Amino acid sequence: MSFSQILFEEDGPIAKITLNRPENGNMFTETMCHEIRDCIEGIRRETRTRVVVLTGAGDRFFCIGGQKDGMEKTNLYAGTLPVLEMYEAIDKLQKPVVASVNGFAVGGGNVLQVVCDVTIAKESAVFRQVGPMMGSFDAGYGTWYLEDLVGKKRAKEIWYCNKKMSAAEAKEIGMINRVVPDDQLEEKTKEFALEIAERGSFALAAIKGAFNARHGGVGGLSRVTHDLLLTQYLGSEEHKELNESFNSRKSPDPSKFGH
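Quick note on our numbering: the sequence shown kicks off at 20 and runs consecutively.
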């Protein structure tokens with residue numbers, strides 16, 4: 020896969036996506052949001068990848084939010100930065116996504132790591148929500164998912180007061196999982212990803228689907244019932260017997276059900 024604003028590479032069972040605009044703080048644009056979505060869609064359709072790592076180019080920025088200039092001047096969809104498509108792609112992917120935070124994770128960049136399944140960060144990384152102090156907000160993934168991680172009162176304080184947090188502070192409140200020395204981030208990220216990759220892919224997909232069903236409504240429930248259970252059912256003797264009897268216009272044999 021070839022892209023203009025992200026880098027993509029495969030390393031065994033790990034697929035690595037790198038936000039590649041270091042001169043602009045790895046801010047996501049309309050193009051980058053679509054490229055991440057398209058890249059993840061490609062990963063969804065193959066079985067080589069067991070874990071995805073998402074990180075930023077360089078050693079200063081993970082991502083400092085979204086760059087909205089260049090959008091059409093309209094209140095309709097064409098004038099909206101497609102960040103939800105990016106978040107949804109990560110959230111709905113059946114494979115675990117590891118955020119490897121290599122620097123500042125600010126605004127939408129912090130929401131991006133929150134949406135990922137787990138997060139590992141280098142010691143000097145900085146986390147911050149800045150929306151209300153700069154004329155913006157995230158009234159969806161950035162609030163509900165953050166509340167799941169740190170609790171409602173603390174999540175509100177993060178959004179209301181917009182204070183900077185060190186990696187150690189973010190880990191202490193449960194917003195991220197692991198903190199490692201700066202010069203070991205790449206090594207430890209790979210170890211983390213491989214640790215996850217050793218687990219059962221179907222089991223991990225079921226677990227992620229179950230977590231997502233809480234906020235996903237009918238779509239979240241369908242991720243479990245349709246994506247995970249239907250394929251298994253279509254290979255069962257029950258399906259075979261019912262399908263064949265329906266097509267041949269005869270009564271099915273119930274003794275073949277439940278196997």
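Heads up, the beta-carbon is just placed ideally off N, CA and C, and yes, glycines get one too.
These numbers come from a predicted model, not from an experiment.
- Here DSSP, grouped into helix, strand and coil, assigns leucine 100 to coil.
- By the C-beta density criterion, phenylalanine 47 is buried, having at least 16 other C-beta atoms within 10 angstroms.
- Taking a 10 Å sphere around the C-beta of aspartate 30, we find fewer than 16 other C-beta atoms and assign the residue as exposed.
- Annotation: lysine 259 to leucine 253 spans about 7 Å, alpha carbon to alpha carbon.
- With respect to the C-alpha of valine 149, the residue from Val120, Ala225, Ile55 and Gly84 having the closest C-alpha is Gly84.
- Taking all protein chains in view, the Cβ of lysine 141 is crowded by 16 or more other Cβ atoms within 10 Å, so the residue is classified as buried.
- One thing to note: phenylalanine 146 has its Cβ no nearer than 8 Å to the Cβ of methionine 105.
- Taking 8 Å as the upper bound for CB-CB distance, phenylalanine 81 and glycine 75 are in contact here, some 4 Å apart.
- The residue among Arg197, Pro101, Gly235 and Val116 with its C-alpha nearest the C-alpha of serine 143 is Arg197.
- In this structure, the straight-line span from the alpha carbon of phenylalanine 211 to that of glutamine 132 is close to 15 Å.
- For the pair cysteine 135 and alanine 158, the CB atoms are not nearer than the 8 Å cut-off.
- Shown here, isoleucine 192 sits in coil according to DSSP, grouped into three states, outside any helix or strand.
- Per DSSP, glutamate 205 lies in no beta strand (DSSP E); the unbroken alpha helix (DSSP H) holding it starts and ends at 204-216.
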